[in-house]
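Working notes for the structure below.
Numbering (this note's numbering), first residue to last: 16 to 160.
Below, the structure is given as structure tokens:
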């Protein structure tokens with residue numbers, strides 16, 4: 016069962032340095048940490064930052080948007096992989112609303128260090144997959160209308 020972290024964004028014109036996944040050593044049994052869905056429909060720009068800490072294996076972090084069926088999650092960004100050779104690394108991806116491309120739902124199949132040019136959608140979540148337990152990392156977000 017994935018470890019779930021609840022996210023609540025305030026209703027404001029700008030949300031700065033919101034903690035999406037708090038800094039901690041994560042050791043879920045199936046090596047997955049996922050946030051609850053959080054609304055992004057009112058925002059037009061976003062910046063998501065992953066801060067690595069003590070990493071003994073690989074860490075893959077995705078930004079996913081919820082599709083119209085309300086049950087399917089589609090990866091729209093995949094951070095450059097963090098791992099034991101990149102401790103304390105910081106990775107930031109930026110998003111700007113305004114483009115819409117026809118695409119197929121792709122789950123977690125997009126290449127590392129990729130951001131798709133798609134609309135932000137209504138809800139996002141952060142999905143982190145690990146190859147070892149005890150990974151220490153955090154994820155933060157800044158959002159603008």
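Even glycine gets a Cβ: it sits at the ideal position worked out from N, Cα and C.
From a predicted model like this one, the values you see are computed outputs, not experimental measurements.
Asked                                                                                               : Found
Residues near residue 61 by beta carbon distance below 6 Å, same chain, minus five either side      : 110, 158
Residue 2 burial status per 10 Å Cβ neighbour count (16 or more: buried)                            : Outside the shown range of the chain (16 to 160) lies residue 2, about which nothing can therefore be said.
Between the CA atoms of residue 59 and residue 66 - distance to the nearest angstrom                : 23 Å
Cβ-based neighbour list, residue 20, same chain, cut-off 6 Å, excluding 5 preceding and 5 following : 36, 50
Residue 93 and residue 34 closer than 8 Å at C-beta                                                 : no
Same chain only: Cβ atoms within 8 Å of residue 95, ignoring 5 sequence neighbours per side         : 106, 127, 128
Coil, strand or helix - residue 135 by DSSP                                                         : coil
As assigned by DSSP and simplified to three states, the class of residue 22                         : coil
Residue 133 versus residue 146: straight-line alpha-carbon distance, rounded                        : 29 Å
Cβ-Cβ distance between residue 55 and residue 135 below 8 Å                                         : yes
Residue 125 - DSSP class collapsed to helix/strand/coil                                             : coil
Candidates 28, 48, 125: closest to residue 57 by CA position                                        : 28
Per DSSP, cross-strand counterpart(s) of residue 112                                                : Answer is none; residue 112 lacks a bridge partner.
Per-residue DSSP class, three states only, for residue 130                                          : strand
Cutoff 7 Å; reference residue 81; Cβ partners in own chain excluding five residues on either side   : 52, 88, 136, 137, 138
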